[in-house]
Each structure stands twice: as C-alpha cells, then as structure tokens.
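Undergrad: Below is a structure I'd like to ask you about.
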Amino acid sequence: MARATKIPATWDSIFFATPEQKVLRYLLSSRETTYTLRVLVSKLKGVRGLGGIQGLEKILTELEEAGLVHFIDNRRAIRVSDEHPGNQIMRRLWGLCELESLYLQLQPISSKGVLLSTAPAEISLYVVTEQPEEVRKLTEQHPMGKLALLTLQTRDQFDVAAKKDVKLWNSLNQGVLVWGSSW
Numbered sequence: 005m006a007r008a009t010k011i012p013a014t015w016d017s018i019f020f021a022t023p024e025q026k027v028l029r030y031l032l033s034s035r036e037t038t039y040t041l042r043v044l045v046s047k048l049k050g051v052r053g054l055g056g057i058q059g060l061e062k063i064l065t066e067l068e069e070a071g072l073v074h075f076i077d078n079r080r081a082i083r084v085s086d087e088h089p090g091n092q093i094m095r096r097l098w099g100l101c102e103l104e105s106l107y108l109q110l111q112p113i114s115s116k117g118v119l120l121s122t123a124p125a126e127i128s129l130y131v132v133t134e135q136p137e138e139v140r141k142l143t144e145q146h147p148m149g150k151l152a153l154l155t156l157q158t159r160d161q162f163d164v165a166a167k168k169d170v171k172l173w174n175s176l177n178q179g180v181l182v183w184g185s186s187w
C-alpha cells in the first residue's frame with residue numbers, strides 16, 4: 005500500500021476549508037463585484053463538495069441569509085455585501101493567507117511587515133527593510149505579487165514615521181503585524 009505524503013497545513017487550508025468558505029474566499033478576493041451563477045460555478049470547478057449549480061445556489065442562499073451576499077437580477081446573479089463586517093474581516097484574513105508564503109521569503113531581509121489593508125484583488129503591505137529593491141523583486145516574482153501594493157521604508161524612516169506621516173502611522177497602528185517585533 006502506498007503511503008500518502010502529508011501536505012503541511014497552511015493558513016489558507018485551515019481558515020478556508022469548507023465549500024462555503026471557499027466560495028466566500030473567491031468572492032472576496034476577486035475584482036469583479038457581480039457574478040452570474042454559471043460563471044461562478046465554472047470559476048469554482050475544482051472545489052470539492054460544491055455540488056454543481058444546485059449546491060452553489062444552496063451555499064449562496066445560506067450566505068444571503070447571513071447578510072454576506074445578495075442575489076440580483078431575479079436570483080440569476082450574486083453580489084458581495086462589501087460593508088458587512090464579516091466580509092471585511094474575511095477579506096483581511098484572505099490577505100493574510102495570501103501573504104503567508106511571501107512573508108517567509110521576506111522575513112530574512114526585512115525587520116517588519118504590516119498588512120495595512122485589503123480590497124478586492126489588492127493587498128497593501130508595509131515593509132521595513134534596508135534592501136528595498138530586493139524586497140520589490142521578490143514580491144514581483146511571487147504569485148501574489150500582482151496583488152501587492154508595497155510601501156517600503158528603511159528602519160530610520162520607520163522610526164520618524166509617527167512625526168512625518170501621521171496618516172501612515174495611523175494605518176500602521178490599525179494594520180496587522182505579520183512579522184517582526186511589535187511597536
């Protein structure tokens with residue numbers, strides 16, 4: 005009997021495990037705001053346990069009852085409720101999951117990484133590093149690199165950020181520290 009190799013757990017495999025979570029993850033991470041059910045089911049073809057268009061409709065009905073999405077065009081299309089606090093938290097969690105493998109590459113050449121914000125198909129990341137070109141190159145080569153909006157600063161710039169750029173400092177305090185020491 006062949007021995008199966010165990011795939012290491014990732015944040016994505018832990019937080020987005022069920023078909024409902026995978027559907028919501030796709031909706032929150034995409035640039036599109038409206039989907040027809042047929043397009044959505046074709047985009048989610050590889051999701052185990054989805055159950056085709058009928059299963060997708062059932063999942064979307066549950067998400068609608070929770071207020072996370074709403075049907076439009078006589079229930080032929082779906083739209084994400086961006087203002088829902090649950091969606092805002094899930095979008096931030098999606099951003100952290102996307103950053104997991106990138107931060108493993110950036111951690112040795114930077115002292116701090118902060119997830120500033122997430123929007124559909126966009127992740128704002130702040131990195132403190134003495135090698136900004138190397139960080140930019142690694143980020144651009146990474147699969148999620150096209151989603152990342154980088155703000156790069158040296159340690160000296162970071163130390164005076166509270167005085168020079170209050171808006172950035174407030175964003176840093178509200179962001180999620182992904183790696184590095186706390187303030």
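Under the working numbering, think of the first position of the sequence shown as 5, with each following residue one higher.
Where a beta carbon is used, it is the ideal one built from N, C-alpha and C, also for glycine.
Please name the residue or residues paired with Gln157 in a DSSP beta bridge.
TA: The partner list for Gln157 (beta bridge, DSSP) reads Val132.
Undergrad: What would DSSP say about Ala166, mapped onto helix, strand or coil?
TA: Reduced to three states, the DSSP call for Ala166 is helix.
Undergrad: Assuming contact is defined by CB atoms lying nearer than 9 Å, are Pro23 and Leu54 in contact in what I supplied?
TA: Their beta carbons are under 9 Å apart, which means Pro23 touches Leu54 by this criterion.
Undergrad: Indicate whether the contact test is met: 3 or more Cβ pairs, each with one atom in the region 106-115 and one in the region 42-57, closer than 8 Å.
TA: Too few Cβ pairs lie closer than 8 Å, so no.
Undergrad: Flag this pair as yes or no: are the beta carbons of Ser34 and Ala123 separated by less than 9 Å?
TA: Not a contact, by the Cβ cut-off of 9 Å.
Undergrad: How about Asn91 and Ser85: are their beta carbons less than 9 Å apart?
TA: Yes.
Undergrad: Could you tell me whether the region 140-155 touches the region 91-109, using the rule of 3 or more Cβ pairs below 8 Å?
TA: These segments touch.
Undergrad: Determine the closest residue to Arg42 out of Arg52, Gly56, Gly50 and Arg29, with distance taken between C-alpha atoms.
TA: Answer by Cα proximity: Gly56.
Undergrad: Thinking C-alpha only, which one of Val182, Leu151 and Arg95 is nearest Leu31?
TA: Among Val182, Leu151 and Arg95, the Cα nearest to that of Leu31 belongs to Arg95.
Undergrad: Does DSSP put Lys75 in a helix, a strand or coil?
TA: Checking the sequence, you will find Phe at residue 75 rather than Lys. Phe75 falls in the strand class under three-state DSSP.
Undergrad: Under three-state DSSP, which class holds Val180?
TA: Of the three classes helix, strand and coil, the one that applies to Val180 here is strand, per DSSP.
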